[in-house]
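Notes for the one structure printed next.
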Amino acid sequence: MLLLEPGDLQVLQEREAVLVVDIGDDDGRYRQTHIPGAVHLPYGHLTRADPPVMGLVPDTTALAERLGAVGIDDGVTVIAYDSDGGGRASRLLWTLDLLGHPRHGLLNGGLQGWLAEEGPVEGGQVTPAPRAYPAQVRHPECLVDRDWVRDHLDDPGVTFLDARSRGEYTGTDVRARRGGHIPGAVHLDWQALMDPEDPPLLRPAPQVQELLRERGIDDPEQEVVVHCQTHHRSSLTYVVLRALGYQRVRAYAGSWSEWGNDPQLPVREGAE
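Here it is in structure tokens:
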């Protein structure tokens with residue numbers, strides 16, 4: 001997993017075949033301002049809903065069609081960005097990890113970071129050459145479901161990392177039938193990963209590592225399961241952990257939209 005600084009994109013493009021992907025549902029913003037040559041992929045193409053559960057993974061046939069349509073195949077390095085803090089772009093990167101794509105990464109700071117470095121932009125629509133993308137789940141270990149989470153609640157070798165806001169975690173901000181968090185989950189708001197003086201650029205790696213150590217996450221071989229409400233915000237957490245060298249990171253895609261709406265599953269309110 002690459003974490004690419006804005007000034008390094010051109011260097012990468014000169015060295016290898018790169019496809020820059022702008023993620024978002026606001027087609028108007030893309031048509032007005034995007035990185036030159038970037039193709040547009042609606043965020044909704046990366047998720048599937050089964051209300052009240054949101055953020056599930058589309059089937060591989062749908063992913064093959066949607067990713068191939070914007071020019072993704074195994075021969076390109078995919079660099080993703082958005083204008084919403086990095087969660088949407090990171091959802092694409094997590095999906096590519098799940099599918100076993102060979103090389104991909106996040107543009108640190110997204111469009112805001114690019115503009116801050118006075119990177120060039122263009123308007124209009126880039127029409128990509130469609131590719132045949134043989135989407136298949138090559139790395140199923142990147143994803144866990146509700147039953148897996150329930151079966152590992154008491155597993156000391158698994159750390160559940162909740163990327164939602166503090167209010168959502170403690171149960172004062174309720175966005176499902178029930179508020180609170182998965183028992184035993186530790187909390188790290190996804191926005192805490194961003195540089196407070198220059199968001200949405202990410203904090204320097206040593207600062208992020210300290211935040212993780214404070215929560216008992218200090219071993220790159222540690223198994224960590226990230227989640228939020230729909231695996232949008234926690235996708236950024238996933239990408240940051242992978243970029244830091246954590247090898248055993250998984251995501252609970254159903255997240256709180258599933259767990260919090262299932263009365264048969266345990267929840268805990270307040271702080272751990």
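Residue numbers are given in UniProt numbering: position 146 of the sequence shown equals residue 146, and the series is strictly consecutive. Built from N, CA and C at the ideal position, the CB exists for glycine as well.
Considering only DSSP beta bridges, list what residue i is partnered with.
i           : result
D22         : H40, Y81
E223        : V158
R268        : H181
E122        : H34
residue 312 : Because residue 312 is not part of the residues shown, which for the chain are 1 to 272, the question remains open.
residue 276 : One cannot answer for residue 276 here, as it falls past the ends of the chain, which runs 1 to 272.
V186        : L161
Tell me the rounded alpha-carbon separation between residue i and residue j.
i           : j    : result
T95         : P36  : 24 Å
L106        : P120 : 18 Å
E117        : E5   : 10 Å
R88         : P58  : 15 Å
A64         : I72  : 9 Å
D147        : E258 : 11 Å
D27         : T237 : 25 Å
D154        : I182 : 11 Å
L56         : C142 : 13 Å
A163        : T61  : 29 Å
V226        : G254 : 11 Å
R215        : H187 : 8 Å
R31         : V149 : 41 Å
T47         : L211 : 29 Å
S83         : S234 : 16 Å
E221        : G75  : 29 Å
residue 323 : E16  : Absent from the model: residue 323. The displayed extent of the chain is 1 to 272, so no value can be given.
G124        : L41  : 14 Å
P51         : A271 : 28 Å
If you compare alpha carbons, which of the options is closest to residue i?
i    : options               : result
V137 : P120, T172, L98, T127 : L98
G24  : G71, L92, A64         : L92
V249 : G167, Y43, V158       : V158
Q112 : H34, L188, A205, C142 : H34
E168 : V267, P130, E214, L41 : V267
L3   : A49, V39, Y30, H104   : H104
Q229 : Y252, S90, W114       : Y252
I217 : F160, W114, P263      : F160
Which class does residue i belong to by DSSP, given the choice of helix, strand or coil?
i    : result
E16  : coil
G86  : coil
R48  : strand
A251 : strand
G71  : coil
L202 : strand
G55  : strand
V174 : coil
V208 : helix
L143 : strand
G167 : helix
G105 : strand
V76  : coil
V11  : helix
If you drop the 5 nearest sequence neighbours on each side, which residues of the same chain put their C-beta closer than 6 Å to that of residue i?
i    : result
R66  : H45
G171 : G179, G180, E269
L265 : W259
D151 : none
A135 : T60, L63, A64, L99
Can you find the residues in the same chain that come closer than 8 Å, C-beta to C-beta, to residue i, ignoring five residues on each side of it along the sequence?
i    : result
V208 : L193, L202, V240, L244
P140 : L98
V39  : L19, V20, V21, D22, V70, G71, V126, P128
I79  : L2, L4, L9, L12, V18, L19, V20, V21, H104, G105, L106, L107
Using a Cβ-Cβ cut-off of 8 Å, state whether residue i counts as contacting chain D.
i   : result
L63 : Given the protein chain composition of this structure (a single chain), no chain D is represented.
Using C-beta distances below 7 Å, list every residue in its chain close to residue i, excluding the 5 sequence neighbours before and after it, in chain order.
i    : result
G68  : P130, R131, A132, Y133
G86  : L106, G110, P200, L236
S165 : D173, D189
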